[in-house]
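Heads up: the structure comes next, in structure tokens.
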Amino acid sequence: MYNFAKEKRKWTPAMRRDNEGAAPQDWWPTHAKQYPMAWEIARLVFAIPPSSAASERAWSIMDFIHSKKRNRLAVDKVDMLAYIYANHLAVSTEGADWARLYSYPESQEALER
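Take 1 as the starting number for the sequence shown in the UniProt record's numbering and just add one per residue.
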């Protein structure tokens, strides 16, 4: 990490301009061998979703599956059912209202699937 920070401070304004438009997914693979630890950190950082929509969707599905009526389900069973529920929606695409299904998994359309 120290080498990466040290080298970055040496960049001239021209070097900064040359790399200004570079996308991280293009820049890092070409410099991964030069800065292996920084590359690993960059991979982890860029793997984080930019919003909480995916986690909110997952919690909504979990809440739908692990309801008051089914509160005795084991954690493994809830995980398995949520996986099946989410992937079933992903492969059955005919006429699905995705915004409604993801926002309200307990909607009538979702229950019919």
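Virtual Cβ for every residue (Gly too), placed ideally from N, Cα, C.
Would you call residue i buried or exposed, if buried means 16 or more other Cβ atoms sit within 10 Å of its Cβ?
i: Ile-65; result: buried
i: Leu-42; result: It should be noted that the sequence gives Ala, not Leu, for residue 42. Classification of Ala-42: buried, given that the 10 Å Cβ count is 16 or more.
i: Ala-23; result: exposed
i: Ala-38; result: buried
Could you check where the alpha helix (DSSP H) with residue i kicks off and where it finishes?
i: Lys-10; result: Unbroken run through Lys-10: none, as it is neither H nor E.
If we cut at 8 Å on Cβ distances, does residue i have a partner in chain D?
i: Val-75; result: In summary, chain D is missing from the structure at hand, where a single protein chain is found.
Quick one, which of the options has its alpha-carbon nearest residue i's?
i: Gln-25; options: Ala-47, Met-15, Asp-76; result: Ala-47
i: Phe-4; options: Ser-67, Val-91, Pro-13, Trp-28; result: Trp-28
query = Going along the chain, which unbroken runs of the beta strand (DSSP E) with 3 or more residues stay wholly within the UniProt domain "HAT C-terminal dimerisation" (15 to 86)?
reply = none
task = Say whether the stretch 73 to 88 touches the stretch 43 to 61, bearing in mind that this needs 3 or more beta-carbon pairs closer than 8 Å, one atom from each stretch.
result = yes
task = Decide if the stretch 22 to 39 is in contact with the stretch 48 to 55; the criterion is three or more beta carbon pairs, one per stretch, under 8 Å apart.
result = no
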